[in-house]
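The block underneath contains the structure these notes are about, expressed in structure tokens.
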Amino acid sequence: MPIRVLRPLLFAAAAAVVACASSAQAGDVARQKAEIDAGLDRGYAQLDALYKDIHQHPELGFQETETAAKLAKQMRALGFTVTERVGKTGIVAIYKNGPGPTVMVRTELDALPMEEKTGLPYASHAVTAWNGKPTPVAHSCGHDIHMAAWVGAAQALVAMKNQWHGTLMFIGQPSEETVGGAKAMIADGLFTRFPKPDIGFAQHVSNLAAGAVAYMPGVESSNSNELNITFHGRGSHGSRPQESIDPVMEAARFVVDVQSVISREKDPAAFGVITVGAIQSGSAGNIIPDTAVLHGTIRTYDNAVRDKMLAGIRRTAKAVADMAGAPAPDVDLAEGGKAVVNDAAITARTAPVFKAAFGDHAIALTAPNSASEDYSEFIIAGVPSLFFGLGGYDPKVIAEARAKGQPLPTNHSPYFAPVPEPTIRTGVEAMTLAVLNVMGS
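Numbering (mature numbering (1 follows the signal peptide of the UniProt record, and there is no 0)), first residue to last: -26 to -1, 1 to 415.
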């Protein structure tokens, strides 16, 4: 169904629903969920084994050859037509089931360059070459959960193909963490070599309670920009600072002063974050080096706020160098992921389904996530979508952490450890129900 036809239908459907599903819809959702669960009861062990295998063998962005091959094998076994090496290491799996809309379901493939410290029996001990040195690799963002749920949703939809019509387009996207994978797939003909989706869905695990599904219309995540600055100086012996221009001092002053861009140059009600996560300079305590390099991240929701912050960062870096009598710094504020903006009609149509399926565990969010995601590239390319959240923590662990006043390890923490069950099960249920809701007979 062409998007120009489908979208008015979605808006009409959205206008007809209220916060709670109708009794008829709730009955349909309950029946479908029971059918999904029956399939999961029979096949969950396979998904759990796949999850733990992927978790133990993580691969960095654009290196996910083995991961992609594992998913491609699963999808071919279900009857999907699979194309590998789309956008270098991505995969596209197509399943046609008569006339109807084309619906895209996306998972990420990549892991992070960090050491896992969860102590899990299936923890990653992988090490790979990255930036010229051996680097540990771990699935500390939950992409392994997403992949298992992605395969599980494909299994459920094929088993229930008498209940929907159209074309499924399941994509495995490389390199989400470096926000290059979505663009690479699009540049490699994702929407010209394959059917252009009418609707897209994706999900992401978090430190909400396992069993929860979270969603919101509009802006769901933040804009992201990299912060890479090199301050230049003049090296000298540590005992003769008067003969130097100290780039470490420049870097230190910048890290402190740049926070005034947040506190004094934008509306306090507008979200904005500048974080410097790495400073690299020097080789010994008695040597003043020539350069200091800073790496960080910038997050915003609003484009005007982003532009103002980027200008403030450039101005602050130049002022710090001028004050030190140093050459102008090299400033690179490369764009990362743009904000994910959920389609209002698709969200409104899906929310009652989630409410009927998960009850109080279906959470309507009131504020965006400060993380960023390059799924936004698919939306910008013309795929109206719903990107929703998935709880991953044992409620008992959450209660214990709250009682002790301790924060839970979240995504990108070396201790991030979502529980596979019921997290994978909920991911399969939520994604399958969302797709059935827009493709149902």
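Note that beta-carbon positions come from the ideal geometry of N, C-alpha and C, so glycine has one too.
A contact is defined here as three or more CB-CB pairs under 8 Å, and the region 109 to 123 fails this definition with respect to the region 71 to 78. Contact between G311 and S255 is absent: CB atoms are separated by about 29 Å, not below the 8 Å threshold.
Fewer than three pairs of CB atoms, one per stretch, sit closer than 8 Å, so the region 172 to 188 makes no contact with the region 217 to 237. A Cβ-Cβ distance of about 12 Å is found for the pair T271 and R280, leaving them out of contact under the 8 Å criterion. Per DSSP, N197 is not a residue of any alpha helix (DSSP H); the beta strand (DSSP E) it occupies stretches across 197 to 206. Boundaries of the beta strand (DSSP E) around T76: 76 to 82.
Buried is the label assigned to H117, since at least 16 other Cβ atoms lie within 10 Å of its Cβ.
A check of alpha carbon separations from T152 across E224, W104, M49 identifies W104 as the nearest. By the C-beta density criterion, H211 is exposed, having fewer than 16 other C-beta atoms within 10 angstroms. Looking at the backbone, the Cα of M134 and that of A67 are separated by about 17 Å. Check the Cα spacing between L94 and each of H113, P301, P73: the tightest is with H113. Classified as buried, D172 has 16 or more neighbouring CB atoms from the shown chains inside 10 Å of its CB.
Listed as beta-bridge partners of G174 by DSSP are M78, S359. In this structure, the beta-carbon distance from E347 to F328 does not fall below 8 Å. Approximately 29 Å separates the beta-carbon atoms of L339 and L307; this is outside 8 Å, ruling out the contact.
Rounded to whole angstroms, the gap between the alpha carbons of A330 and A176 is 20 Å.
For A408, the enclosing alpha helix (DSSP H) stretches over residues 394 to 413. When the alpha-carbon of H178 is set against those of R5, Q37, N385, A291, the nearest one is in N385. Annotated as distal: K7 and L364, with beta-carbon spacing of 8 Å or more.
If you compare the alpha carbons of I145, N71, A100 with that of V60, the shortest gap goes to I145. S196 and L83 have their C-alpha atoms some 21 Å from each other. Separation of the CB atoms of G35 and M159 is rounded to 12 Å, and the pair is thereby denied contact status at 8 Å. Excluding five sequence positions before and after A100, the CB atoms of its chain that fall closer than 6 Å to its own CB belong to P32, V111, given in chain order.
Excluding the 5 residues flanking it on each side, V305 has same chain C-beta neighbours closer than 6 Å at I203, R288, A291, in chain order. Within the same chain, and ignoring the five residues on either side of K157 in sequence, the residues whose Cβ sits closer than 6 Å to its Cβ are E351. A direct Cα-to-Cα measurement between D11 and T141 gives close to 23 Å.
Membership of S255 in the beta strand (DSSP E) is indicated by the continuous run 246 to 255. Annotation for G333: no alpha helix (DSSP H) segment contains it, and DSSP assigns it neither H nor E. If you check the CB distance, I28 and T39 do not come in under 8 Å.
In the structure shown, F228 adopts helical secondary structure according to DSSP, grouped into three states. Judged by their CB atoms, E89 and P388 are nearer to each other than the 8 Å cut-off. Ranking P263, F245, R376, Y96 by CA distance to the CA of I253 puts P263 first. Going by DSSP, Q48 is part of the alpha helix (DSSP H) stretching over 39 to 51.
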